[in-house]
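In the UniProt record's numbering, the protein residues as written are 1 to 396. Note that beta-carbon positions come from the ideal geometry of N, C-alpha and C, so glycine has one too. Only a predicted model underlies this, so the values are computations on that prediction, with no experimental measurement involved. To start, the structure itself, in structure tokens.
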């Protein structure tokens, strides 16, 4: 439904991956490679998915992942997502490249449990100022992204745009054929800019295109463990390192004093051919799981995916695309409905497994699904069709 309602350029931004999108699809294949080992004759009248994420209560082992340009899908999209998360008792992560600024989001949704994702820029003064801003508005967890020192080759992006934020003619025509989207997302201000970056741009360069160019040019190429150690010294709250795919980096994160790691390949949008996150998770959990918080990101589409990550040792998961599909359909209500679907699916699974509490979801619930990994019906690339042509279905 989101694909039908969004113009092609916006759909591809949300749904696509890098290069041949191998990692994008491997994230899903990794989940299908695990099946379940149910128990029977268990009282499952009451199921309880409540847990603790980073030492604070949460209704689900789930947080909203940081995603950028959400105002392109729905007017004030970041605020709508944060309200949906708060209403369902889970954390919301605001991205550095969000359309709403830290201050705007905190004022609009004071009840949110707010996390902030930091892209480390090459201007140390800007980086430190963003940390101070996050402290002032009450962010309790800082999430530093480490896997975007250069952007992955997102080939749908180079096809859609002649220059940053300047659409190619077929995509302009396609966007014009989606007036309801334009009304929901663009009216009356037009394409939203990046709220967290406006402060650092000259007044004549505060448009969406200029802000996008700024973040692409100023992303530091010298992001090292020493830089993260300095951030650790400056940040008093919880610190998560996002971009971990192996035990060595997880151990380094522990060495510099991080509270936890996020096992992620950036949703298949960076290094194509990187391991699926569910495949990388057990190694990281074995290395640091008893001493750090371990979250999984990338590939979450169903409640059963949440359960598989928990069974393999994750404290919880981050979810981006699934809630963005809901946002594109109905704003706050659509995002909340997506969270509700994940919760309903998780509770249904817990009943069928004969494990009515999260504490019972562990490796004994799992078995290798030797047939699922060889399925031939996985979807084709979501960006194979130009505007007006045939478009593939949603990810399974």
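- Here residue 216 really is in contact with residue 151; their C-beta atoms are around 7 Å apart, less than 8 Å.
- Here the segment 356-371 does not lie against the segment 115-122, with fewer than 3 beta-carbon pairs under 8 Å apart.
- Here the segment 164-181 does not lie against the segment 40-52, with fewer than 3 beta-carbon pairs under 8 Å apart.
- Excluding residues up to 5 positions away in sequence, 64, 92 lie with their Cβ nearer than 6 Å to the Cβ of residue 85 in the same chain.
- Residue pairing by DSSP places residue 35 opposite 367 in a beta bridge.
- Within a 10 Å sphere around the beta-carbon of residue 203 sit fewer than 16 other beta-carbons, which makes this residue exposed.
- Residue 240 and residue 261 have their C-alpha atoms spaced approximately 5 Å apart.
- Per DSSP, the unbroken alpha helix (DSSP H) holding residue 180 starts and ends at 179-185.
- Judged by DSSP in its simplified three-state form, residue 188 adopts coil rather than helix or strand.
- DSSP, reduced to helix, strand and coil, places residue 168 outside both helices and strands of the structure shown, so it counts as coil.
- CA-to-CA, the gap between residue 210 and residue 163 works out to about 11 Å.
- Distances from the alpha-carbon of residue 75 to those of 9, 98, 288 put 98 closest.
- Note that the C-beta distance between residue 304 and residue 349 is below 8 Å.
- According to DSSP, residue pairing for residue 115 in a beta bridge involves 93, 141.
- For residue 83, the three-state secondary structure derived from DSSP is helix.
- In the DSSP assignment, residue 238 is bridged to 141.
- Less than 8 Å divides the Cβ of residue 80 from the Cβ of residue 335.
- In the pairwise beta carbon analysis, the segment 258-278 is classified as touching the segment 20-27: at least three pairs are separated by under 8 Å.
- Here residue 290 carries a coil assignment [DSSP, helix/strand/coil].
- Distance from the Cα of residue 245 is smallest, within the candidate group 233, 255, 200, 294, for 294.
- Boundaries of the alpha helix (DSSP H) around residue 325: 321-353.
- If you compare the alpha carbons of 345, 288, 331, 322 with that of residue 338, the shortest gap goes to 322.
- Taking C-alpha positions only, residue 6 is separated from residue 317 by approximately 26 Å.
- For the segment 195-255, the full-length beta strand (DSSP E) segments reaching 3 residues or more read 238-244 along the chain.
- Just measuring C-alpha positions, the residue of 144, 192, 36 sitting nearest residue 235 is 144.
- For residue 22, the secondary structure class from DSSP, reduced to helix, strand or coil, is helix.
- In the structure shown, residue 126 adopts helical secondary structure according to DSSP, grouped into three states.
- Counting only residues of its own chain and dropping the five nearest sequence neighbours on each side, residue 229 has a CB closer than 8 Å to the CB of 256, 257.
- Between residue 56 and residue 78, the CB-CB gap reaches or exceeds 8 Å.
- By the Cβ-count criterion, residue 288 is buried, with 16 or more other Cβ atoms from all chains shown falling within 10 Å of its own Cβ.
- Ranked by how close their Cα comes to the Cα of residue 19, the residues 314, 156, 179 have 156 in first place.
- When 343, 128, 333 are compared, the shortest CA-CA separation from residue 319 is found for 343.
- By the Cβ test, the segment 130-138 is not in contact with the segment 178-194, since fewer than three Cβ pairs between them sit closer than 8 Å.
- Looking at the DSSP output, residue 295 bridges to 262, 316.
- DSSP, read as helix, strand or coil, puts residue 63 in strand.
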